[in-house]
Amino acid sequence: MSPSPLHGYARRVGLFSGVMLVIGGIIGSGIFLNPAIVAQRVHTPELTLLVWLMGGGVALIGAFIYGELGQRSPKAGGSYVYLRDAFGPLPAFLNAWGLMLMIATGAIAAVAVTFANYTLALTGLGPGFRFPLAVGAILLLSGVNYLGVRPGALTQNVFTVLKLLALAVLVGAGLLLESVRPAAVEAVAAPQAPDSIVLALGAALVPVLFSYGGWQQTNFVAEEMVDPERNLPRALLLGVIGVVTVYLLANITYLRTLGAVGLAASSAPAADALGQLLGPAGRTFITAGIALSTFGFLNLVILVSPRVYQAMAADGLFFPWMARLHPRFRTPSNAIVFQAVWAILLTGTGTYGELLDYVVFADWLVFGATAATLFVYRARERQGLVPRAAYRVPGYPVTPLLFIAAALYVLLGSTASNPLNALKGTLLLGAGVPVFLYWRRRTRRPEAPPALGTP
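Converting from the sequence shown to this note's numbering requires adding 40 to each position, the first position being numbered 1.
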């Protein structure tokens, strides 16, 4: 079922493109909107910056973990490969199943609609254009990525640079221009620290961690990176450090321009801040910046996710045609087409919002499970079953345990806030078990599964 070696993946993603994939996978629309939620929960400027710094620390540990895992097994599929090799095919399949059924495809539908909404706001088109714009974006970017990883990566580079420029204008204006700070509001309702700082920081950490998620997607294309054993860990670290820096500077801008009270009351912090600094032109500019950012994020998800479906099918756990790579473009072309069709169906039915709510915890469930695979790799390394990795997570085993604890915290927080949605998400993931059993019975592979760490 596996693709012919003659038609395998092509190594065409360099270090710069890898860094852009990491940054593009993290920065979507969250940094333009979510800081208001954080300010509502911690109240003061100091605690607001602290929680974003804490989230950045967790993301940096995640980059270290995925860097070592990517060096140990630089194969297409990322977490799917690590879970399969460490814990067996069922957890790996459920990861890919959830990604294909609702996580990635639901995100594609939701982000495409978000892009369409901001485009409508910019152009003044009526709501009747929302669906065609969303579908057009999905089809266009699916077509680009069908033609090769190089066009997809180039598109990602362009839109990641554009979103960084938009954030640079926001930060530059906030730090260099004299802002009209709402002093009167701050004087009447000066921000006070919450009664329980620990609980407030914990509550604020959930949206912050969601805003930092996304670095792991670069591991999906590890097999297409040039010298992945060196460049993948570097791309992860450089990309996450870059995002942490941008996020902190953006929040300093929001606090300097709007104040803690104004930030907490804002429904669109970036637009309010730049509008205050540059007037209506600032609001228009940041609306365009968010549209570009969502378009770039959409491209990233469309680019990387089909590599996971292809890896699953290559293991005989899905339709064989999903495992085939295009003989000329060296892309998982069938998986890209399947993903586009399913995402468009979700867009048309409007069910993507419910799916995303059901599996709001799914990303961090996979993050925690994937981090746990590192302990299996290290144990087998000590037994001499796999080679020693040159790149190693600093602070092991404390840092991976801290990361797993953060993932568990997000899971518990998401479940407590909406247990019904968590149950529905669990059931949707659980629905993959009979599908897995069906394909396992149907596929009779004479060879043993690949050993942990086998290239």
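Cβ coordinates follow ideal geometry from the N, Cα and C atoms, glycine included.
| Query | Result |
| --- | --- |
| Please check the pair residue 552 and residue 79, which I expect to be a contact at CB under 8 Å, by giving their CB distance rounded to whole angstroms. | Missing from the structure shown is residue 552; the chain here goes from 41 to 495 and no further. |
| Got a sec? Which residues, its chain only, sit under 8 Å from residue 411 by beta carbon, not counting five neighbours each side? | 102, 105, 440, 443, 444, 447 |
| Output the distance between the C-alpha atoms of residue 131 and residue 433, rounded to the nearest integer angstrom. | 23 Å |
| Using 9 Å as the threshold, is the C-beta distance between residue 336 and residue 326 below it? | no |
| I'd like the list of long-range same chain contacts for residue 358, defined as Cβ closer than 6 Å, with 5 residues on each side in sequence excluded. | 352 |
| Using three-state DSSP, classify residue 316 as helix, strand or coil. | helix |
| What residues in its chain sit with their C-beta under 7 Å from that of residue 451, if we drop five residues either side in the sequence? | 401, 404, 405 |
| According to the Cβ coordinates, are residue 256 and residue 64 closer than 9 Å? | no |
| Alpha carbon to alpha carbon, how far is residue 145 from residue 380? Give it in angstroms, no decimals. | 8 Å |
| Under three-state DSSP, which class holds residue 426? | coil |
| Quick check on residue 266: does DSSP put it in helix, strand or coil? | coil |
| Do residue 295 and residue 85 count as a contact pair if the criterion is CB distance below 9 Å? | yes |
| Would you mind reading off the limits of the alpha helix (DSSP H) that contains residue 364? | Run containing residue 364: none; DSSP gives neither H nor E here. |
| Going by beta carbon distance, what residues of the same chain come within less than 6 Å of residue 480, once the five residues before and after it are set aside? | none |
| Under 9 Å, do residue 28 and residue 100 count as touching if we go by C-beta distance? | This structure does not reach residue 28, given that the chain is present from 41 up to 495, and the question cannot be answered. |
| If residue 116 sits next to residue 350, beta carbons under 8 Å apart, how far is it from one beta carbon to the other, in whole angstroms? | 7 Å |
| Applying the criterion that 16 or more other CB atoms from any shown protein chain within 10 Å of the CB defines a buried residue, is residue 482 buried or exposed? | exposed |
| Anyone know if the C-beta pair for residue 128 and residue 213 falls short of 9 Å? | no |
| Identify every residue that forms a DSSP beta bridge with residue 53. | 265 |
| Suppose the cutoff is 6 Å on Cβ atoms and the five residues either side in sequence are ignored; what does the same chain contact list for residue 134 look like? | 469, 472 |
| How is the alpha helix (DSSP H) around residue 191 delimited, first residue to last? | 189 to 216 |
| Keeping to the same chain, check which residues put their C-beta closer than 8 Å to that of residue 199; ignore five residues upstream and five downstream. | 64, 332, 333, 335, 336, 339 |
| If you reduce the DSSP assignment to three classes, tell me which class residue 390 lands in. | coil |
| Relative to the C-alpha of residue 170, which candidate in 150, 185, 182 has its C-alpha closest? | 150 |
| What did DSSP end up calling residue 116 once you bin it into helix, strand or coil? | coil |
| So, under 8 Å CB-CB, residue 62 and residue 276 are touching, yes? Tell me the CB distance rounded to an integer number of Å. | 6 Å |
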